[in-house]
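Working notes, structure below.
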Amino acid sequence: MARLQKSWFVVLILLVVIFTIGLHLGRSKKGTVTEPLADTANFSESAMSIVKERGLHPDDITSALSTFVPTGKYDDHVMFASGGHGGQVFAIGLPSMRLLRTIAVFTPEPWQGYGFGVKESPFGSPEGEGVFRNGKLVNWGDSHHPALSETNGDYDGEFLFINDKANGRIAVIDLRDFETKQIVANPLFGNDHGAAVTPNTDYVIEGSQYATPVGHHYAQLSDYQEKYRGMLTFWKFNRAIGRIEPKNSFAIELPPYWQDLVDPGKLVSDGWVFVNSFNTEMATGGVEEGNPPFEAGVSQRDMDYLHVINWKKAEQVIRNGGFKEIEGMRVISLETVLKEELLYFIPEPKSPHGVDVSPSGKHIVISGKLDPHVTIYDFNHIMDAIAKKEFEGQDPYGVPVIKFDAVKIAQVEVGLGPLHTQFDNQGYAYTSLFLESSVARWTLGDDAYQAPENPWTLVGKIPIHYNVGHISTAAGDTVHPDGGYLVSLNKWSVDRFPNVGPLLPQNLQLIDIKKPGDQMKLLYDMPIGNGEPHYAQIISMDKIKAWEVYPEVGWDPLHQQKSEKSTLESKVVRTGNTVEIFTTVIRSHFDPEHVQVKQGDRVIFHITNLERTYDATHGFTVSDYNVAASIEPGETASIDFIADKPGVYPYYCLEFCSALHLEMMGYLLVEPQEMQAPAVGQ
Ligand code: K7E
Ligand code: CUA
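Per our numbering, the sequence shown runs over residues 39 to 720.
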């Protein structure tokens, strides 16, 4: 006991010394930094008393020192985590694991003035046609797979894309202002799952999940094999305007298996995309009719099919007119897919879920939830097998099935319930183990920078808490992973946090992966009391070039250009029954402060924030009209509603922007119909 205490004390002193040196070296010009303690002996004494008082373990101290970011200093990475069925994206700083920003995407969010009457958002403009499904407003989503834009296979920090599994949609977020600019809805299918970008962001690829008749049509389940289909959509992204262009997009028809995750090739495998699938049984469920339930029906076969798709060639087929148009989308039929040799299958064991291409592009790693191995395929072997037609047969639709043994180069026994794989800069791969609640680290064959004896070896595991889904490493799906951090995105948190009732937070755990071998270390638990994080992307902060304020006063953030409705001086313009109020805001008043309209008028406030000061955001709302805006420095926001109820409605600023913020208000007077004088001549 005494010896343990002594060695603990030595560790502590060492850490204190390192910490003190660190403070000297790392002093930031920004913000205030406390003076490093000159007297380390005194410091260690006071630190020791905290350690004792709080009952901390030596490990806790290294974790705390590894993640603590002092006031005025910045996190070095940011993680964009999906918000699951909350429909949002979270930007979280690493290593501190502090939530920096919620980005409203599929679900309205009033703090950002998103979805509450502001026209400069997908919820307020024709660009948001994807917020409608069957003519109905769908104002939530199930966000799963965020994908950062890439240039030559590396994150470029310009855009973020994310899918909505529930409603088959893709959103575009501009990282200059961290705001959603576009939502597109897939015209061919209702549920999606895989979403990823090609290495130069030419396309955002969206895969369907549950097969349905194409184009939201009707067909009996007894016609499943004939009339239901899977689809892979290639949404063309125009970087210059920051928009997906549905007209230049296309889709590939697939058999009615349930296509799952999507990962495009890179470097050697650029031009190809890998998609796994399950339910190649084509089970159609129906427990109530005495059929096996889906969970049994879809996992009868030992192998499902990894889809290997030549998208560059598909693009060529589209250019040559080899498509039919369905619901406005150019679709390559399964028949053409076969004729043009765009699609091959490779058997993949068992209940596959994750598919991940290694940084070199040479290896494709898949995991089957019911197989304790990850299976690794070699891209060059796949190309050889295709050239030599090493097929074991065809699926019922005539798709050639490549011989498993011809292309599988390794299997690593990692543990129970493997799901998703990520990569680092030391030649390791990491696989989440759902059933075991741990993360396995293994060496990545000839991608490894230091090749061990057996190039494919499990080297360590770390338990997590609990039920990990995805994991994310820094730049972990690019051609140059950063290494250093791994975040485990856990579904359950069970006993990690104080009881807040039966709906528990999810747990995001930060793991230090800097040290080699079996030396991964859990650093931090971040509860997130919000929709389920599925996947995340972690990027170095150096690559994010976000604006501090909008480039010009009068900026339209949706189109990233000067707004036609901006103004430097207030004015009210009435055209028939439409009243446009060109409003300016600056600390601490609106101009105008009185707005008089008639019951039934259409009222449009065009509000320009004249501020050029970093962080001088104002808000705007009018009582009872369900409107909320956030007007960041330089922004012009337009809010449009019908003043259908007479009365006096205060409008006020929502952000506590100055000492006189409470005074920052105005009155909207809606004159009742009966008081309105009849027009002259009547
Ligand atoms: Cu595994 Cu939607 Cu990527 Cu969740 S998915 S975990
Ligand atoms: Cu502007 Cu409060």
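Each residue gets a CB set at the ideal place from its N, CA and C atoms; glycine is no exception.
Cβ neighbours of Arg139 within its own chain (closer than 8 Å, five residues either side excluded): Phe128, Ala129 and Phe216. Using a Cβ distance threshold of 7 Å, Tyr504 and Ser475 count as a contacting pair. Only residues of its own chain outside the window of five on either side were considered, and among them Ser608, Asp629, Thr646 and Leu648 have a CB closer than 6 Å to the CB of Thr622, listed in chain order. In chain order, Asp230, His231, Gly232, Ala233, Gly268, Met269, Leu270, Thr271, Gln297, Asp298, Leu299, Val300 and Val313 place their CB closer than 8 Å to the CB of Gly245, counting only its own chain and leaving out the 5 sequence neighbours on each side. Contact between Gln460 and Asp416 does not hold, since their C-beta atoms are separated by about 19 Å, which reaches or exceeds 8 Å. Put simply, of Ala697, Leu692, His699 and Ala584 the residue whose alpha carbon is nearest the alpha carbon of Phe197 is Ala584.
Check the Cα spacing between Gly122 and each of Gly507, Gly323 and Gly168: the tightest is with Gly507. Counting other Cβ atoms within 10 Å of its Cβ, Tyr466 reaches 16 or more and is therefore classed as buried.
Under the DSSP assignment, Lys636 falls in the beta strand (DSSP E) whose first and last residues are His632 to Lys636. The residue among Leu707, Leu548 and Ile279 with its C-alpha nearest the C-alpha of Asn528 is Leu548. When the Cα atoms are used, Val375 and Asn537 turn out to be separated by approximately 53 Å.
Taking the CA atoms as reference points, Tyr262 sits about 19 Å from Gln432.
Going by C-alpha positions, Ser159 is about 26 Å away from Gly614.
Minimum Cα-Cα distance from Glu670 among the listed residues Arg612, Asn317 and Pro589 corresponds to Pro589. Inclusion of Ser668 and His644 in the CB contact set at 7 Å is not warranted, their separation being larger than that value. The ligand K7E has no heavy atom closer than 6 Å to the beta-carbon of His627. For His597, the shortest C-beta to heavy atom distance toward the ligand CUA is 6 Å or greater. Residue pairing of Asp533 in beta bridges, as defined by DSSP: absent, with no partner found.
In the DSSP assignment, Thr674 falls within the beta strand (DSSP E) that extends over Thr674 to Ile680.
Annotated three-state conformation of Leu103 is helix, per DSSP. Assignment of beta-bridge partners to Val686 by DSSP yields Leu707. The C-alpha of His699 lies about 14 Å from the C-alpha of Thr659.
Straight-line measurement puts the Cα of His632 at about 11 Å from the Cα of Val708. Of the residues Ile680, Asp639, Gly638 and Ile624, the one whose Cα lies closest to the Cα of Asp653 is Ile624. Every beta strand (DSSP E) stretch that sits fully inside the segment 152-206 and reaches 3 residues is listed by chain position as 185-189 and 192-202. Comparing alpha-carbon positions, the option among Pro456, Glu491 and Leu473 lying closest to Arg479 turns out to be Pro456. A residue is called buried once 16 or more other Cβ atoms fall within 10 Å of its Cβ, and Gly483 is buried on that count. Only exposed fits Asp98, as fewer than 16 other CB atoms lie within 10 angstroms of its CB.
The beta carbon of Trp149 sits closer than 7 Å to those of Ser668, all from its chain and outside the five residues before and after it, given in chain order.
Contact between Asn177 and Gly153 holds, since their C-beta atoms are separated by about 6 Å, short of 8 Å.
By the neighbour-count criterion, in which a residue is buried when 16 or more other Cβ atoms sit within 10 angstroms of its Cβ, Gly303 is buried. The Cβ atoms of Ile279 and Leu344 lie no closer than 7 Å to each other. If you draw a straight line from the Cα of Tyr382 to the Cα of Ser337, it is about 21 Å long. Taking the C-beta atoms as reference points, Glu673 is found nearer than 7 Å to Trp593. Distance check between Pro331 and each of Met341, Met320 and Asp340 places Met320 closest, using alpha-carbon atoms only. Counting other Cβ atoms within 10 Å of its Cβ, Ile680 stays below 16 and is therefore classed as exposed.
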